[in-house]
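Worksheet: the structure to be examined is printed underneath.
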Amino acid sequence: MGNIEALREEWKTLYASKLPAFARAKNSAQPRWPVTLDHCFARIILDNTVGQGTQQWDKVIRKPAVKHMSEHQLKDAIDLGKRIELGEINICDLDQISLVCRGKNETKYDTARSTNSGKTKRKSTANDFATSDETKLKKPRTSSQQSTLSFATSPRKGEKATSASAKEDMDPNVDFAATLDKIRNHSSLTPYRKRLYTVLLSVPRGRFTTYAAMSDYLESSARAVGNGMRNNPFAPDVPCHRVLAADGSIGGFHGSWGPEGKYANDKLRLLRIEGVCFDGKGKVIGQPFRGFHEFRELNGGVKST
């Protein structure tokens, strides 16, 4: 069996058997399973991968999907399906985006409810579902400070990281020991930037973080983090493309900022290849990674002196 045939079989098993079985059993991987039928799982996943969260999949490729998907598209669909299966991403968020792609967002996730005064709150939108968990954590904005998020306490300098989770997070395409050695021995980097790139290296493939999350961990400013991203000498092994703005928007890349930036589409493409999902308005889905560590058990970590 060729590689693409094996991928087709894996994809069919995932959307037609595994995920429906999880849904029918109300598996705890998801707080809620909004669908149980195989074609619904296929719709949700394909609209968010083949359609990239902006259009329904059959506007991109012909039906039946399994016969016309490229190897890359099959891998993306399988990866997203596995993330749903593991509970790494909320299927309700993905379903909402799929429905928006199809112009059917007015009923299923109508969360309007009456208040004590008898007034009705507005209906939720796809963008609300994409950022609701994160916005609950936001600190008040001040005139002199970029909006930030309040994050759970992460291991600080000198604390031992969990070696098991660190190993699980490692990108198989990156030689971590060699990259850490380059960071540690770089002659022109300040101690802060050496630590910044080490911490950034701990953001796993398929996840994203924010400038505010990193600045919170490093006890620095988001601007200092952004300056380090713009002048990253170790890309792509040290993944600055995985750092987004606090509001879930694309942030900066290669020195340009925002969705209209010269390299914004490149950053989006890299993240989508890795399995990060965005809604139709360009906002990331899910919560930012904040389980930072500094590889202290690998090659001695990076000295901060």
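Residues 920 to 1224, numbered by my numbering, are exactly what the sequence shown covers, in order.
Yeah, the Cβ is synthetic: ideal placement off N, Cα and C, and Gly gets one too.
Rank the options by C-alpha distance to the C-alpha of residue i and give the top, closest one.
| i | options | result |
| --- | --- | --- |
| ARG1209 | SER947, VAL1019, LYS1186 and ASP1135 | ASP1135 |
| ALA1154 | THR1128, ARG1142, ARG1021 and TYR1116 | TYR1116 |
| ARG1191 | GLN949, ALA944, LYS937 and THR973 | THR973 |
| ALA935 | ALA961, GLN949 and ILE923 | ALA961 |
| LYS1001 | LYS1186, GLN949, ASP1094 and GLY921 | GLN949 |
| LYS1202 | GLU1179, LYS1181 and SER1168 | SER1168 |
| GLU924 | HIS991, ARG951, ILE1008 and LEU1018 | HIS991 |
| ALA1096 | THR1109, ARG1215 and HIS958 | ARG1215 |
| MET988 | GLU928, PRO1110, CYS1020 and ILE1008 | GLU928 |
| CYS1020 | GLN975, ILE1008, PHE941 and LYS1181 | GLN975 |
State yes or no: is the C-beta of residue i within less than 8 Å of the C-beta of residue j?
| i | j | result |
| --- | --- | --- |
| LEU1120 | VAL1144 | no |
| LEU926 | ILE997 | yes |
| LEU1177 | TYR1130 | The question names Leu, yet the displayed sequence has Gly at residue 1177. No, they are not a contact pair. |
| ASP1014 | ILE963 | yes |
| PHE1211 | VAL1093 | no |
| LEU956 | PRO939 | yes |
In whole angstroms, what separates the C-alpha of residue i from that of residue j?
| i | j | result |
| --- | --- | --- |
| GLY1125 | CYS1159 | 13 Å |
| GLU1213 | GLN1206 | 21 Å |
| ASP1012 | ILE1204 | 7 Å |
| ASN946 | ILE1003 | 11 Å |
| ILE1102 | PRO1123 | 18 Å |
| GLY1022 | ASP977 | 14 Å |
| ASP1100 | LEU1137 | 20 Å |
| ALA1071 | ASN922 | Confidence is the limiting factor: at ALA1071 the pLDDT is only 33, short of 50, which leaves the residue's position unreliable and the question unanswerable from this model. |
| LYS937 | ALA944 | 11 Å |
| SER1139 | ASP995 | 35 Å |
| LYS1181 | PHE941 | 42 Å |
| MET1133 | ARG1142 | 11 Å |
| LYS1186 | GLU1007 | 21 Å |
| ALA1083 | PRO1152 | For ALA1083, the predicted model reports a pLDDT of 43, less than 50, meaning its position is unreliable; a value from the coordinates is still stated below. Cα-Cα distance, rounded: 28 Å. |
| LYS1200 | GLU1179 | 13 Å |
Can you tell me the Cβ-Cβ gap for residue i and residue j, rounded? I've got them flagged as a contact below 8 Å.
| i | j | result |
| --- | --- | --- |
| LEU993 | TRP930 | 5 Å |
| ILE1010 | PRO953 | 7 Å |
| ALA1183 | PHE1172 | 6 Å |
| ARG1161 | THR1128 | 6 Å |
| ARG1188 | GLY1147 | The pair is not a contact, with the Cβ atoms about 22 Å apart (cut-off 8 Å). |
Output yes if chain B places a C-beta closer than 8 Å to the C-beta of residue i; else output no.
| i | result |
| --- | --- |
| LEU933 | Among the protein chains of the structure shown there is no chain B, as only one such chain exists. |
Just checking, does the stretch 961-975 make contact with the stretch 1189-1200 on the three C-beta pairs under 8 Å criterion?
yes
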